[in-house]
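Peer 1:
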Amino acid sequence: MTKNLLTVGPAVSIAEAARLMAIEDVGALPVVDRGMLIGVVTDRDLVVRALANRLPGSTAISQVMTSSPVTCDDDASLDDVLETMSDEQIRRLPVVSDGGGLVGIVSIADIAGVKGAARDVGETVGGICRARGQHCQSEAMDAAH
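Under UniProt numbering, read the sequence shown as residues 1 to 145, first letter to last.
(1) Specify the secondary structure class of D74 as computed by DSSP and reduced to three states.
(2) Could you check the C-alpha separation between R19 and T42 for me, to the nearest Å?
(3) Look at A28 and I105 and say whether their C-beta atoms are less than 9 Å apart.
(4) Who are the near neighbours of T59 in its chain, counting only those whose CB is closer than 6 Å to its CB and skipping five residues on each side?
(5) With a threshold of 16 other CB atoms inside 10 Å of the CB of D73, please say whether the residue is buried or exposed.
(6) From the DSSP output, read off the bridge partner residues of A28.
(7) Using three-state DSSP, classify V103 as helix, strand or coil.
(8) For T93, list the residues DSSP reports as bridge partners.
(9) Taking buried to mean at least 16 other C-beta atoms within 10 Å of its own C-beta, is M85 buried or exposed?
(10) Where does V81 fall in DSSP's three states?
(11) For R44 and S62, what's the separation of their Cα atoms in angstroms?
(12) Any idea what DSSP makes of S62, helix, strand or coil?
(13) Taking the alpha carbon of G35 as the reference point, which residue from L5, D80, E88 and L55 has its own alpha carbon closest?
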């Protein structure tokens, strides 16, 4: 799990969010308001929801983020995290405390680094791809190694 996350507020522009993603080399930014997770914006959100719709760079991130994202509790097991990622077809899962505060984010890459989890990661990525009707064998293999 990545704990020291760069976060943005809901009023940050999509241009600024894209710039931050490029500088930090990340594909997702949690959107936080008063310490509470209210959304997540991904590089895919910026392309599909903003760029494809020709939104101006000044558009607030709240207009393109995924509101009320799927999360897991900070005491979730690896099996629970993998199941949630597969069921929800997501590659990144925000981790929240009992009070709803953002603790960190778990990504497929994080899990791949856990000893003995490579097979589970490959299966999870494969499940995400199958649910989307995509062929991702090489991606699943890359994540597992």
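Think of the CB as a built atom: it goes at the ideal place given N, C-alpha and C, for glycine as much as any other residue.
Peer 2: Once the coordinates are examined:
(1) Here residue 74 corresponds to residue number 74 of the sequence shown, with the count starting at 1. DSSP, read as helix, strand or coil, puts D74 in coil.
(2) Along the sequence shown, read from residue 1 onward, the residue named residue 19 stands at position 19. Along the sequence shown, read from residue 1 onward, the residue named residue 42 stands at position 42. About 12 Å.
(3) Position 28 of the sequence shown holds residue 28. Position 105 of the sequence shown holds residue 105. Contact flag set, yes.
(4) As a working note, residue 59 is residue 59 in the sequence shown. Contacts found: I14.
(5) Reading the sequence shown from its first residue, position 73 is the one you call residue 73. With fewer than 16 neighbouring CB atoms inside 10 Å of its own CB, D73 falls in the exposed class.
(6) As a first step, residue 28 must be located in the sequence shown, where it is residue number 28. DSSP output for A28 lists T42 as bridge partner(s).
(7) Numbered from its first residue, the sequence shown carries residue 103 at position 103. Strand, per DSSP.
(8) Indexing the sequence shown from 1 puts residue 93 at position 93. Just to set this straight, residue 93 is Leu in the shown sequence, not Thr. Bridge partners of L93: V106.
(9) Along the sequence shown, one-based indexing puts residue 85 at 85. By the 10 Å Cβ count, M85 comes out buried.
(10) As a working mapping, residue 81 is identified with position 81 in the sequence shown. In the structure shown, V81 sits in a helix (DSSP, three-state: H, G or I).
(11) As a working note, residue 44 is residue 44 in the sequence shown. As a working note, residue 62 is residue 62 in the sequence shown. In this structure, the CA atom of R44 is about 15 Å from the CA atom of S62.
(12) As a first step, residue 62 must be located in the sequence shown, where it is residue number 62. Here S62 sits in helix by DSSP.
(13) On the sequence shown, position 35 is the one that residue 35 refers to. Comparing Cα positions, the closest option is L5.
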